[in-house]
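**Q**
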Amino acid sequence: MSGNVCGRDRRSHGERPRGVGVGDVSLPPFQAILDAYHEDVYRFLRAVAGPDADDCFQETFLAALRAYPRLRHGDNLRGWLLTIAHRKALDAHRARRRRPVPVEDVPEGAADAPAEPGASGLWTRVRALPPKQRAAVAHRFVADLSYREIAELLGCSEEAARRSVHEGLKKLRAEVTA
Amino acid sequence: MNDHTNELERQLRRGPGGDPAEAARRLVAAAERAGLLDVAYARVDSPLGELTVAATERGLVRIAYPERDPDAVLEELARRVSPRVLEAPARLDDVRRQLDEYFSGRRRSFELRIDWSLAQGFAAKVLRATARIPAGEVRTYRAIAEAAGSPRAVRAAGNALGSNRIPIVVPCHRVVRTGGALGGYTGGIERKRFLLRLEGWEGARADG
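Line by line, the protein sequences are chains U and V. Here the first sequence is numbered in the working numbering, starting from 1 and rising by one per residue. Here the second sequence is numbered in the working numbering, starting from 179 and rising by one per residue.
#1: Who are the Cβ neighbours of Asp293(V) in its own chain at under 6 Å, not counting the five residues just before and after it?
#2: Tell me whether Tyr42(U) sits in a helix, a strand or coil according to DSSP, three-state version.
#3: Using a Cβ-Cβ distance under 9 Å, would Leu229(V) count as near chain U?
#4: Please list, in chain order, the chain V residues whose beta carbon lies closer than 9 Å to that of Pro131(U).
#5: Using beta carbons (cut-off 9 Å, strictly below), is His73(U) in contact with chain V?
#6: Measuring only the C-alpha atoms, how far is Gly365(V) from Ile346(V)?
#7: Taking the Cβ atom as the reference point for each residue, do Ala387(V) and Pro349(V) lie within a distance shorter than 9 Å?
#8: How about Gly79(U): is its C-beta nearer than 9 Å to some C-beta of chain V?
#9: Going along chain V in order, which residues have a C-beta closer than 8 Å to the C-beta of Glu39(U)?
#10: Does the segment 52-65 of chain U come close enough to the segment 200-217 of chain V to have 3 or more Cβ pairs within less than 8 Å?
#11: Should the segment 351-358 of chain V be regarded as contacting the segment 310-319 of chain V, the criterion being three or more beta carbon pairs within less than 8 Å?
#12: Go through its chain and collect everything with a Cβ distance to Ile84(U)'s Cβ below 8 Å, but skip five positions before and after it.
#13: Quick one: residues in its chain with C-beta nearer than 6 Å to the C-beta of Ala256(V), no 5 flanking neighbours on either side, listed in chain order?
#14: Going straight from the alpha carbon of Glu265(V) to that of Gln276(V), what length do you get?
#15: So is Pro194(V) buried or exposed if we call it buried at 16+ other beta carbons inside 10 Å?
#16: Taking Cβ positions, are Arg94(U) and Glu175(U) nearer each other than 9 Å?
#17: Compute the Euclidean distance between the alpha carbons of Arg140(U) and Arg291(V), then round it to the nearest angstrom.
#18: From the DSSP secondary-structure annotation, give me the bridge partner or partners of Glu265(V).
#19: For Arg46(U) versus Val142(U), is the C-beta spacing smaller than 9 Å?
#20: Which two residues bound the contiguous beta strand (DSSP E) that contains Leu406(V)?
#21: Can Ala138(U) and Ala151(U) be called in contact, C-beta distance under 9 Å?
#22: Can you round the beta-carbon distance between Ile33(U) and Leu77(U) to whole angstroms, since I take them to be within the 8 Å contact cut?
#23: Tell me the DSSP secondary structure of Ile292(V) in three-state form.
#24: Using three-state DSSP, classify Arg317(V) as helix, strand or coil.
#25: Please classify Val231(V): does DSSP put it in a helix, a strand, or coil?
#26: In the DSSP assignment, find the alpha helix (DSSP H) that holds Gly168(U) and state where it starts and stops.
#27: Helix, strand or coil: how does DSSP classify Val126(U) here?
#28: With distances taken Cα to Cα, identify the nearest neighbour of Leu122(U) among Lys171(U), Arg98(U), Asp75(U) and Leu145(U).
#29: Which whole-angstrom value is the C-beta distance of Ala307(V) and Ala325(V), which I expect to be below 8 Å?
#30: Taking DSSP as the reference, what is the three-state secondary structure of Val259(V)?
#31: Should Pro267(V) be flagged as near chain U, meaning a C-beta pair shorter than 9 Å?
#32: If we count the other Cβ atoms within 10 Å of its Cβ and call it buried at 16 or more, is Ser282(V) buried or exposed?
#33: Residues of chain V with CB under 8 Å from Ala142(U), in chain order?
#34: Pull the bridge partners of Val353(V) from the DSSP assignment, please.
#35: One question on the structure: do Arg375(V) and Leu226(V) come within less than 9 Å of each other, judged by their Cβ atoms?
#36: So Gln133(U) packs on Ser157(U), CB below 8 Å; how close in whole Å?
Below you can see the structure in the form of structure tokens.
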């Protein structure tokens, strides 16, 4: 039977089996990692960058998109995204401090609607923590990461990650009870 | 103290609010503006079921029938075209409109740029020849092999049509067997008959 196949023979002639392809690096379609991790990244950025979170989110994913085709493997893409997000948040923080006229941050209201009454003050305090503690607390509680994962993201030992979380919590607790 | 500790951790776990879905939607538009959207895809309703359609900046690159695993369709695009694949219906507005017009009988031929990235070698020649068959007409597999420059490669031409990644718009349904039998088709012979009837090919009525 020659030539009576339009579409039928796709298995043998069309698609390669998954994972065997031209590039052989087999990265998932970017939409899949956006779907899977945009909430984690967004929540992390809201915690550490507050009013800058939306801009940081865009910059994080644009930077990720730019670098994506050159990635060597598709392991731990969530960690990869959170690392970029952490960097973007630090940039935003520095930019804010460099601003010539230090305008007081707009009180967290309309532009930065809190999830529920009373909680926004807490996030302002989280963002006032030193960068490492701030990121560690956000990773631990907002993204629910293990200390080992936090250590990897922050480039420190597991013990140091644990300490950063505890120091951060201690300060927050002191302020809340004060 | 303990109450405070628990309350604090509870509040932290609840997260800082905001709208991640909206942020993700804005990203897609920003990616398009920044030239970082290599493959845009969308879902399109049609009388033949929900199609997955995808386009690069060069043109339409993929149409998939609903039986194809949508994840596998996107994975193939990621692997063979670019992993920068995002759901971005705006880029496919024109494709969608022309498909609607075609299925409602208001359009005979498509005016769309095609990205042939997923077709190579002889298959690409066969598919380009197929793209020139006018609506309402058919060709035999033999004639298509000939038009592709290899009159004797009839079987290879059949295989090439089987690998068509842009059915409907690259009309592999217009290639039939010598003698008039319809032959096979992606997603079943019923779809082939539907498309040929839609285009007014007389043989489609007689067959089957």
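Using N, Cα and C, we set each Cβ at its ideal position, and we do this for glycine too. What you are looking at is a predicted structure, and each value in this text was computed from that prediction instead of being measured.
**A** Taking the definition as stated:
#1: Counting only Cβ-Cβ distances below 6 Å, and skipping sequence neighbours, we find Thr234, Arg236, Gly237 and Val239.
#2: helix
#3: no
#4: Within chain V, no residue comes near Pro131(U); the closest Cβ sits about 17 Å away, beyond 9 Å.
#5: Not one chain V Cβ lies under 9 Å of His73(U).
#6: C-alpha separation (whole angstroms): 12 Å.
#7: Limits of chain V in this structure are 179 at one end and 386 at the other, which puts residue 387(V) out of reach.
#8: no
#9: Pro198
#10: yes
#11: Touching, per the Cβ criterion.
#12: Thr60, Ala63 and Ala64
#13: Val263
#14: 19 Å
#15: buried
#16: no
#17: 49 Å
#18: Tyr219(V)
#19: Yes; because the gap between Cβ atoms is below 9 Å, this pair is in contact.
#20: Residue 406(V) is absent from the model: chain V starts at 179 and stops at 386.
#21: no
#22: 5 Å
#23: strand
#24: strand
#25: strand
#26: Glu158 to Thr177
#27: helix
#28: Lys171(U)
#29: Taking a contact as a CB-CB distance under 8 Å, the pair Ala307(V) and Ala325(V) counts as one, their CB atoms being some 4 Å apart.
#30: Coil, per DSSP.
#31: no
#32: exposed
#33: The sequence given here places Val at residue 142(U); Ala does not occur at that position. The contacting residues are Leu190, Arg191, Gly193 and Pro194.
#34: Arg317(V)
#35: The Cβ atoms of Arg375(V) and Leu226(V) lie no closer than 9 Å to each other.
#36: No, Gln133(U) and Ser157(U) are not in contact; Cβ-Cβ is about 15 Å, not under 8 Å.
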